[in-house]
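Visitor:
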Amino acid sequence: MCKTCRRVHGNCGGTWKYFQDQKRIVDYVLAFNGEDGSEEAQAKRAKYQQNLEAEGLQIETENCQRIHFVKIHVPEHVLAHYCEIMKMQMPMKKLDNQDKIIMRDFSIQSTLVRLFRRPLFNFVIIDRQKFAPPEYRLMYEYSRDKPYLFNAREPNFFTPSIRIAVAHFILERAYFSDAVDEKKDIGIRRLMEDQVYLDAYPLHDGCTDVKSSCQRALLLEEWASISKWIKHQPLDHIKEYFGVKIAMYFAWLGFYTHMLIPASVVGLICFLYGLLTYPGNRISQEICSDNSTIMCPQCDRYCDYWNLNTTCTISKLAHIFDNEMTIVFSIFMSVWATLYLEMWKRYSSRIQHRWGITEYCSLAEPPRPQYLSRLKNIKKMMFNVATGAQEPSPPFWTKKFPSFLYSYSISLTIATVFGIVVYRMSLMTSKNIYGDGGPFSGKLIIFPATTASINLLVSTILTYVYQYVAEYMTNVEYRRTQTEYNESLNLKIYLFEFVNYYSSIFYIAFVKGKFPGYPAKYNRLLRLRQEECSPGGCLMELCIQLAIIMVGKQAIGAITEILIPFLVQKFKEFRSVLGIDAENSENGERLVCCNQWTKDFNLINWHDRSLFNEYLKMVIQYGFITIFVVAFPLAPFFALLNNVFETRLDAKKFLLYYKRAVPQRVRDLGIWYNIMHVVGKVAVISSAFIIAFSSNFIPRLMYIRYVSTTGTDEGFVNHSLAYFNISHFEPNVAPEKTNFTGTICRYTEYRNPPGGSEQYKRPLLYWHIMAIRLTFVVIYQNLVSLVQIVVAWAIPDVPTRLQDQIKREQYLTNEYIIEQEKLKMQRNSTGAGGGQQGGPGTYTHNGYLPSEDSSPDDERLNYGSVADDSEYALRMRTDDFDPAYEGCSIVTSRV
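Under my numbering, think of the first position of the sequence shown as 13, with each following residue one higher.
1. Using only the alpha-carbon positions, how far apart do S814 and N826 sit?
2. V642 to M630, Cα distance in whole Å?
3. Roughly how many angstroms separate the alpha carbons of L230 and C219, rounded to a whole number?
4. Considering only the alpha carbon of each residue, which of Q771, A53, Y762 and G767 lies closest to T779?
5. Can you find the residues in the same chain that come closer than 6 Å, C-beta to C-beta, to F118, ignoring five residues on each side of it along the sequence?
6. Give the straight-line distance between the Cα atoms of L161 and D206, rounded to the nearest whole angstrom.
7. When DSSP builds the beta bridges, which residues end up paired with I97?
8. Whose C-beta lies closer than 7 Å to the C-beta of T684 among residues of the same chain, with five residues either side of it excluded?
9. At least one CB of chain B closer than 8 Å to the CB of A804: is that the case?
10. Return the CA-CA distance between Q32 and D217, expressed in angstroms with no decimal places.
11. Taking the DSSP output, what are the residues bridged to N75?
12. Straight-line CA distance for K29 to D39?
13. Hey, would you say G46 sits closer than 8 Å to Q676, going by beta carbons?
14. Quick check on the DSSP output: what are the complete alpha helix (DSSP H) runs of length 4 or more inside the segment 295–381, in order along the chain?
15. From T338 to S699, what distance separates their C-alpha atoms?
16. With the cut-off set at 8 Å, would you say N655 and L280 are in Cβ contact?
17. Go ahead and label G767 buried or exposed: buried means 16 or more other beta carbons lie within 10 angstroms of its beta carbon, across all protein chains shown.
18. Of the residues H244, V745, V796 and E153, which one's Cα is nearest the Cα of R140?
19. Buried or exposed for M307, going by 16 or more other Cβ atoms inside 10 Å?
20. Looking only at its own chain, which residues have a Cβ that is under 8 Å from the Cβ of E483, when we skip the five neighbours before and after it?
21. Report buried or exposed for I703, applying the criterion of at least 16 other Cβ atoms within 10 angstroms of its Cβ.
22. Please confirm whether G618 and Y534 have their CB atoms less than 8 Å apart.
23. My output table needs one value for R536: the three-state DSSP class, helix, strand or coil.
24. Put F741 into one of helix, strand or coil per three-state DSSP.
25. Report all residues from its chain with a CB closer than 7 Å to the CB of Q581; omit the five preceding and five following residues, and keep chain order.
26. Suppose the cutoff is 7 Å on Cβ atoms and the five residues either side in sequence are ignored; what does the same chain contact list for F344 look like?
27. Between which two residues does the alpha helix (DSSP H) holding A695 run?
28. Got a sec? Which residues, its chain only, sit under 7 Å from N764 by beta carbon, not counting five neighbours each side?
29. Excluding the 5 residues flanking G3 on each side, which residues of the same chain have their C-beta closer than 7 Å to its C-beta?
30. On a CA-only basis, which of D316, I258, R358 and Y506 is nearest Y476? Give me that one, please.
31. CA-CA distance, A92 and R156?
32. Is Y634 closer than 8 Å to V916 when the C-beta atoms are compared?
33. Pick out the complete beta strand (DSSP E) segments inside the segment 714–779, 3 residues or longer, and give them in chain order.
34. Which residues mark the beginning and the end of the beta strand (DSSP E) in which M151 is found?
35. Can you tell me the Cβ-Cβ gap for L107 and L150, rounded? I've got them flagged as a contact below 8 Å.
36. Where does Q800 land, buried or exposed, given buried means 16+ other C-beta within 10 angstroms?
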């Protein structure tokens, strides 16, 4: 039974997160199956924990029936030593003149911020009594050689996130065998893969079932609550709890959501304009009032002729999304996309500076064990200038390049084929549901809506298949580091999802109705006749497809956002009948283990890719509102509604159902920013082609300019329909059952009428329209691209005020260091001249010498780890570095 168990009605006291002495806090926990009698596993655990203790970590084991927990505490001297190795940016002591650094900003942006901070807008400001703003402190890379810069004896100088990061850093690099030259026998991750340990995780900050003063409960109540949706996020407190990587995600998500507000407003204006003007739309008036025009069948044999006025309703709806405001809105969204990315770089520069990650980058990451195992028979070695070690290197042309080409080519081919198959399957399923006969007017809306719904359902299921295929294909490649592997996998899955959700929309926008042929000679692919658009164009069907897939995907995501983690966590809790939660005492009273490590054991594991799915959902959404926003102006509005709840649901999920993440440092969004940048460029081209080829904008302008005698679009519908003699149908194409007795039907094309040598040929007007369409695409793309370049040039990535502040901080810090180093040299020379080795409070070449009154902990804090001089510790810290913690400037003089 757990030593920290209490009766159900008892008080947990202070045992929930501490060692048995109630003084040392638990920074990390390892869990293993106590009934695993394997000698190999026991030997690995013993060696691994012995090496952890050699690094200065303190260990205590709790035996809770089958599951045993290894509690780990990182002493302060180990924290100090590893913060120096990991190049941690730590807050400095408050300098005398630092309050003069920050000057009042007179920019327009700061004026607006101050305006919105007035009492009228207090409802959006977070409670500063609960989330106190961080004190302005200068940051500097931690060094024990400069103790005058830091107040390391502050109670919370080494924050819980730093303690967790240091513990994880050591756990990832400790060997579990005597064969230290074998790079694969290293790290907690490999031990978990071999089931030596069941789990390894840091602890959450307290319980959530009762109100307490812990940070977790405060974030859950004030940040993760849906009722606080309108409040700003406490980003600095999120960073302190989860680390920079997760806090950067929420900072970006909040910024992106705020940037959707102006896009939503303009989209609503465009939508309202279409609603207000559609009663006067001449095209829909002509269609609705036409009782004589008979249209040709839209499928072979089983489809009948139909009346043009049956498309009256859809022509009115099409005007709501295809009107004069469409071009204005598309230009606005193209500029918005550039403005959003540039403003994010500007906004994130402040965050990077405040969190001390401005100069951070990843270097000297060790090879993946899987990579080394694949190269165990490779004799070619390469010197790694970053790590200073010889590593096996696969030949580029015979190994790396073929695997890369095979991986990406197969991945894209599979994605493309699946995308086309899914849409065609959805289309055929809809036809089987509604048949080819029946009223035509209802099918114009119901049929594409059904197709889109089926497509959405299948695409959602295929998401899991694509992830499996992407992982398999990435494993084929020779990716040296975990970062390289993750980036390749992320890109591959995004390309899969891109095709998965966008393929049907691209098909409708750029293929459907563009090359159908004419009744006497339809264009066919695999004997299948190409679909035609309705007389109002394909834009309405594109709108239906986009709305259902986008809104449906967001609705499914919102439901599963909490439901799936909740069910998984409850299943893990139910499965833990192993006895780690409760057992019966001798007198029949039920006992429970009142500690945090047993509670967190049942939570969902956090891994490197847990945040990937969150980014993926948002970037896919970003594609919907930029690439295809012309067809659905309400897309930014629905994205805004989704993201307001997405932020809080993600927060609740991470706090309630997932183990606490290991804090990691990142400088930016990584590959996701590059993807959004490319999507923004694709959006300009897509908008140009949708306006030019999927709407009636260009043909209607050409009709008004060159054909109409009144200078209006009166008669445009009749002009856009070609004539066809039903006696010229291909074999097995004409309707088998029909009541039509006429000889002429109409179809949407620019072709010559029947009769004469040029029947059904393209008229000159068609080629004029095609030339204008291509000209519009070129002009639109270059004009919008020019505006994007000007916007990107006009907005600097880093505000001028921040640049000046950084320069002033660097100057003040350097001056203070120079001054202190001079004093240090004077004291050293005085001490050497007097024949003393250093009195209380003096400096030596190794740093600060403690006074006689200093405690042993203070001495360790200044001298470093007790294992500094051990061969094992030296090898461990010089051979292996992690990009999650290593900075650009690698200094190994301390080791």
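Beta carbons: idealized from backbone N, C-alpha and C, even for Gly. Here the structure is a predicted model, which is why all the values come from computation and not from measurement.
Guide: Taking the coordinates as given:
1. For the record, residue 814 in the displayed sequence is Leu; it is not Ser. Distance between the alpha carbons of L814 and N826 is about 18 Å.
2. 19 Å
3. 11 Å
4. For the sequence presented, residue 779 should be read as Trp rather than Thr. For the residues Q771, A53, Y762 and G767, the minimum Cα distance to W779 belongs to Y762.
5. Residue confidence for F118 is low, a pLDDT of 45 falling below 50, so the modelled location carries little weight and cannot support an answer.
6. 44 Å
7. Looking at the DSSP assignment, I97 forms no beta bridge with any residue, so it has no partner.
8. A small correction: the amino acid at residue 684 is Trp; Thr does not occupy that position in the sequence shown. Y627 and V631.
9. Reference to chain B is not applicable here, since this structure consists of a single protein chain.
10. 18 Å
11. H80
12. 9 Å
13. no
14. 324–333 and 337–366
15. 10 Å
16. no
17. exposed
18. H244
19. buried
20. L501
21. buried
22. At residue 618 the sequence reads Trp, which differs from the Gly that was named. Against a cut-off of 8 Å, the Cβ pair of Y534 and W618 comes out as no contact.
23. strand
24. coil
25. N614, L615, I616 and Y669
26. V278
27. I683 to F701
28. E770, Q771, Y772, K773 and P775
29. Any answer about residue 3 is impossible in this case: the structure gives the chain only from 13 up to 907.
30. Y506
31. 7 Å
32. Shown here, the chain extends from 13 to 907; a query on residue 916 therefore has no answer.
33. 733–737 and 756–760
34. M151 to E153
35. 7 Å
36. buried
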